[in-house]
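Comments concern the structure below.
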Amino acid sequence: MRMNERVLTSARSDRCPGVSYSDMLAADTRPVPDCLFEETGQELGTAAIDTARYASEEFARAEREHLWPNVWQFAAREEDLPAPGDTVVYEIADKNYLLVRQEDGSIKAFHNVCLHRGRMLRDHGGPAVNLRCPFHGFTWNNDGSLKQVPCPWDFTHLEARDMALPEVRVERWQGFVMVTENRNLPGLRDWIGPGVEHYDRWRLDECHTAAWIGRVMPANWKATAEAFMEAFHAVVTHPQILGFTADANSRYDLYGDHMNRAITPNGALSPHVRGKGPDYVLASLSKFLGGDNKRRFAGNDEQQLDLAASDDPLVARKILAQANRDAFHAADGYDYEHFSDSEVLDNFTYNIFPNFAPWGGMVPNIVYRWRPWRDVDHCLMEVRILMRTPKGSNAPKAPDMFMIGDDAPFTSALHLIGEGLAGVFDQDLANLGAVQKGMKASANGRIELGLYQESRIRHFHATLDKYLSGALPA
Ligand code: FES
Ligand SMILES: [Fe+2]
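Residue numbers (this note's numbering): 3 to 476.
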């Protein structure tokens, strides 16, 4: 930790003109951790990306073969299956896994397939006394050992066979239950690689799922994920957030093969908006958040005086950061006084390859997951909101995922995620169907990427290529 000097490692020099995120860190009211100051880039070239990667069944088949079985995947949160016997079914790209909480608190994951005639063993999660197949009744204990064979006189030939349910590897990290089929993959932290240690400070294992929604999106899983990897589209797609989101000041960092991040500052005016003061920033955020937050961020009389008197261009950030520290402490009893303004205010949109985005920092953390769904033209997008569990309490069991209908907007889930966020997702949704159609109709079959603001997308494809070519896993 250093107070607050700027560190650059391998940073490109081209940036949106004006105050940078690093400049904002330098003005933070608290010491800022090194991992926020350090800028990390990679030289990944400028080649166009082939649209067939998003639209061809052949490419999706290559992903099923080379990608999905060879990565660590976010399969569940701990609070999805808190009690012994609780189960979760996790399905992705023709694979199907059954997670079961054991008596000793550990979690096992099995291929969710009956060893009799191959029916899915369980159709959905929930509590289980044992694992009984609904077709003919073959039954396993929750630890995967065979319990009962119906009409055993007809199956004496199975006595010599290993009939335990085949397992897949499980690791637990920050409250996430991760699985992989690959026996040789490094352990999760080593596999994620540089950057994983950032989370040690943010402790998402102290959080629980407060809301969970899902929607089938009319675009390939990669196109959908990529719409959440850059803040570049905010100025045109989400103009309502520019009053309090410094979109073009976002920092983009790339780590190893499996992690990258964007940090988008909040509580500051977008560089695209001119001639507005800090009172406009607070008013814009209050309007966006609505409800109780409206009062919280409107600023008390003393703060209004501070605002009027201040010539600090970042004064709104400081007021909002302190408002968050106070509100978070009141809500969960943890002490936020030593956390930087940035960590209690900004969007830390981290991605862990390939389809998992657990936001960092101390704000209510969003977690995205994108799964191939139905065909190459669709995916299942899930959004969870993690809240810190009040100090001294146990995490409540996670709510079931609220599935939004195919024709329904995200605003049909505004009671869970708030009107502001739901409106943002509906704007993204409006793009994504048109993106998928456009890529299939493209004359040159290419998409182009900005060198900096879209560097995370290029990084993602570089790693994907390593899996598809067999260079990874090492
Ligand atoms: S397929 Fe499972 S019991 Fe027959
Ligand atoms: Fe967006």
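Just so you know, even glycine gets a beta-carbon here, dropped at the ideal spot from N, CA and C.
First through last residue of the beta strand (DSSP E) which encompasses residue i
i	result
I109	109-113
N98	97-103
V317	Segment 317-334 is the alpha helix (DSSP H) holding V317; no beta strand (DSSP E) there.
W175	169-175
M180	178-182
R79	75-79
D88	88-94
Inter-residue spacing [alpha-carbon to alpha-carbon] between residue i and residue j
i	j	result
D16	Y454	7 Å
P411	Q438	18 Å
A95	W375	7 Å
V34	L309	24 Å
R297	T239	Unreliable placement is indicated for R297, whose pLDDT of 49 sits below 50; no coordinate value is reported for it.
L416	A250	27 Å
Y338	A329	10 Å
N290	F230	In the sequence as presented, Asn is not what sits at residue 290; that position holds Phe. Using only the alpha carbons, I get a separation of about 19 Å.
P280	A311	11 Å
R55	F61	6 Å
M403	H126	12 Å
L287	G422	10 Å
N90	D82	Checking the displayed sequence, the identity of residue 90 turns out to be Val instead of Asn. V90 and D82: Cα-Cα distance of roughly 7 Å.
L316	M26	8 Å
E228	P129	36 Å
F234	E80	34 Å
P220	C381	7 Å
G197	D36	11 Å
P152	F137	11 Å
K149	V102	16 Å
I243	Q429	12 Å
Under 8 Å between C-beta atoms of residue i and residue j
i	j	result
K110	D164	no
L284	A318	yes
L466	P360	no
T247	A264	no
T509	L434	The structure shown has nothing for residue 509, since the chain only spans 3 to 476.
V365	V346	yes
E456	A50	no
G189	E199	no
G335	P398	no
G245	L271	yes
L256	Q104	no
M389	H274	no
S58	V378	yes
T48	M441	no
M383	R191	no
R460	E232	no
L373	W223	Here residue 373 turns out to be Arg, not Leu, going by the sequence shown. Against a cut-off of 8 Å, the Cβ pair of W223 and R373 comes out as a contact.
Y23	S252	yes
Same chain, Cβ closer than 8 Å to residue i, neighbours up to 5 away in sequence not counted
i	result
L470	A64, E65, H68, L69
A436	none
P71	K97, T182, E183, N184
F341	R32, R327, M364
G447	D52, T53, A54
Q75	Y92, I94, M180, V181, T182, N357, F358
G20	A250, N251, P273
Span of the alpha helix (DSSP H) around residue i
i	result
Q150	Unbroken run through Q150 is the beta strand (DSSP E), 148-150; no alpha helix (DSSP H).
M441	421-443
L470	457-471
Sequence-distant residues of the same chain with beta carbon closer than 7 Å to residue i, five excluded per side
i	result
A464	L46
D348	I265, T266, P267, N268, G363
I419	A213, I215, V385, I387
V73	T182, F355, P356
E208	R390, T391
L123	L100, N114, V115, C116, L133, C135
R131	Before going on, a small fix: residue 131 reads as Val here, not Arg. Only G87 meet the Cβ criterion.
D487	This structure cannot settle anything about residue 487, because the visible part of the chain is limited to 3 through 476.
G177	R79, E80, L206, D207, C209
6 Å CB neighbourhood of residue i in its chain, flanking five on each side removed
i	result
G452	none
Y92	A77, Y99
F112	L100, G146, L167, E169
G117	Reading the sequence as shown, one finds Leu at residue 117 and not Gly. Cβ neighbours of L117 beyond the five flanking positions: M165.
R134	T141
N353	N262, A359
A323	D343, V346, L347
F350	I265, W361, G362, G363
Proximity test, residue i beta-carbon vs ligand 3 heavy atom, cut-off 7 Å
i	result
F157	As presented, the structure is devoid of ligand 3, carrying ligand 1 and ligand 2 as its sole ligands.
Chain B within 8 Å of residue i, Cβ atoms only
i	result
V170	You won't find chain B in this structure, because it holds only one protein chain.
Can you list the alpha helix (DSSP H) stretches of 4 or more residues lying completely in the stretch 337-413, in chain order? none
In chain order, what are the residue ranges of uninterrupted alpha helix (DSSP H) at least 4 long that sit wholly in the stretch 9-65? 23-28, 36-39, 54-57, 59-64
Where are the alpha helix (DSSP H) runs, 4 residues long or more, that stay fully inside the stretch 191-216, in chain order? Correct list: 201-204.
Those runs of the beta strand (DSSP E) which lie wholly inside the stretch 229-290 and span at least 3 residues: Counting only runs of 3 or more residues that sit fully inside the stretch 229-290, the beta strand (DSSP E) segments are 253-257, 261-266, in chain order.
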